[in-house]
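Colleague: Before I ask anything, let me first share the structure, which is written out below as structure tokens.
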Amino acid sequence: MSEWWREAWIVVQHEFSDLPAVGDFTRVCVRLLMATVLGGIIGYERESSGSAAGFRTHMLVALGAALFVLVPLQAGMESDDISRVVQGVVSGIGFLGAGAIIKHGQGLEVHGLTTAASVWLTCAIGLAAGMGHEATAIVSTFFALLILLLVRVIKTPDQGQAGKLPKT
57 MSEWWREAWI
67 VVQHEFSDLP
77 AVGDFTRVCV
87 RLLMATVLGG
97 IIGYERESSG
107 SAAGFRTHML
117 VALGAALFVL
127 VPLQAGMESD
137 DISRVVQGVV
147 SGIGFLGAGA
157 IIKHGQGLEV
167 HGLTTAASVW
177 LTCAIGLAAG
187 MGHEATAIVS
197 TFFALLILLL
207 VRVIKTPDQG
217 QAGKLPKT
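If you count the sequence shown from 1, position 38 lands on 94 in our numbering, and the numbers rise without skipping.
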């Protein structure tokens with residue numbers, strides 16, 4: 057029986073050997089944590105403005121996007137293959153963003169475009185963090201917050217109907 061346990065332990069060690077060095081483990085943790093935190097920052101802003109896709113959604117989108125590119129990078133995939141992964145992630149996130157867009161009435165009033173765009177941008181930030189471009193991800197998050205917060209402050213109350221299409 058002890059031979060069986062020894063063999064089982066070797067298999068378990070092999071299964072967890074994708075991060076053999078402390079540096080690799082740290083790199084993965086930093087990238088995933090960075091994506092999650094930056095997604096959370098944008099999500100917090102969206103949730104505080106009453107958006108349906110808020111804190112948790114944006115965190116999960118950024119984390120998932122980072123993981124989708126991090127695993128192929130760890131596996132040693134070529135850049136052409138990774139670009140196809142990125143294309144798939146960006147296409148897939150479009151469906152999630154589309155779910156945030158709501159038309160009222162006869163389609164003259166549209167809501168959720170900013171939330172859909174923020175989910176899409178959060179995905180891009182997660183991809184950047186996952187690929188090791190954390191500085192780019194941080195700068196992008198800063199610009200996103202600048203846009204989301206400043207426009208809300210600058211916008212006057214009568215501009216609240218900006219999503220309404222003119223009647224023709």
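We put the CB at the ideal spot given by N, CA and C, even for glycine. It should be emphasised that the depicted structure is a prediction, and the values quoted were computed from it without experimental measurement.
1. Rounding to the nearest angstrom, what Cα-Cα distance links G99 and E63 in this structure?
2. Okay, do the stretch 163-173 and the stretch 102-118 touch, 3+ Cβ pairs below 8 Å being the bar?
3. Per the contact definition of three or more C-beta pairs closer than 8 Å, is the stretch 83-100 in contact with the stretch 152-168?
4. Determine whether the beta carbon atoms of V117 and V141 lie at a separation below 8 Å.
5. Looking at the unbroken beta strand (DSSP E) that takes in H160, where does it start and where does it end?
6. Assuming the contact rule is C-beta atoms closer than 8 Å, C179 and A121 should be a hit. Round their C-beta distance to whole Å, please.
7. Under the rule that 16 or more other beta-carbon atoms within 10 Å means buried, what is G110, buried or exposed?
8. Compare the beta carbon distance of G95 and L119 with 8 Å and say whether it is the shorter of the two.
9. Report the three-state DSSP secondary structure of E134 (helix, strand or coil).
10. Leaving out the 5 sequence neighbours to the left and right, which residues in its chain are closer than 7 Å to D74 when beta-carbon positions are compared?
11. Pull up the CB-CB distance for G186 and L123, whole angstroms please, since I reckon it's below 8 Å.
Modeller: Straight from the coordinates:
1. Here residue 99 corresponds to residue number 43 of the sequence shown, with the count starting at 1. Here residue 63 corresponds to residue number 7 of the sequence shown, with the count starting at 1. Each residue's alpha carbon lies about 46 Å from the other.
2. yes
3. no
4. As a first step, residue 117 is located in the sequence shown; it is residue number 61 there, counting from the start. As a first step, residue 141 is located in the sequence shown; it is residue number 85 there, counting from the start. Result no, Cβ atoms of V117 and V141 do not sit closer than 8 Å.
5. Start at 1 with the first residue of the sequence shown, and residue 160 comes out as number 104. H160 -> beta strand (DSSP E) spans 158-160.
6. Residue numbering aside, residue 179 sits at position 123 when the sequence shown is read from its first letter. Residue numbering aside, residue 121 sits at position 65 when the sequence shown is read from its first letter. Contact flag correct, Cβ pair sits at about 5 Å.
7. In the sequence shown, the residue the question calls residue 110 occupies position 54. Its Cβ being crowded by 16 or more others within 10 Å, G110 is buried.
8. As a first step, residue 95 must be located in the sequence shown, where it is residue number 39. As a first step, residue 119 must be located in the sequence shown, where it is residue number 63. Closer than 8 Å, so yes.
9. Here residue 134 refers to the residue found at position 78 of the sequence shown. In this structure, E134 counts as coil in the three-state DSSP scheme.
10. Here residue 74 refers to the residue found at position 18 when the sequence shown is read from its first residue. Excluding positions up to five away in sequence, the list reads Q130.
11. Along the sequence shown, read from residue 1 onward, the residue named residue 186 stands at position 130. Along the sequence shown, read from residue 1 onward, the residue named residue 123 stands at position 67. That pair is a contact at about 7 Å.
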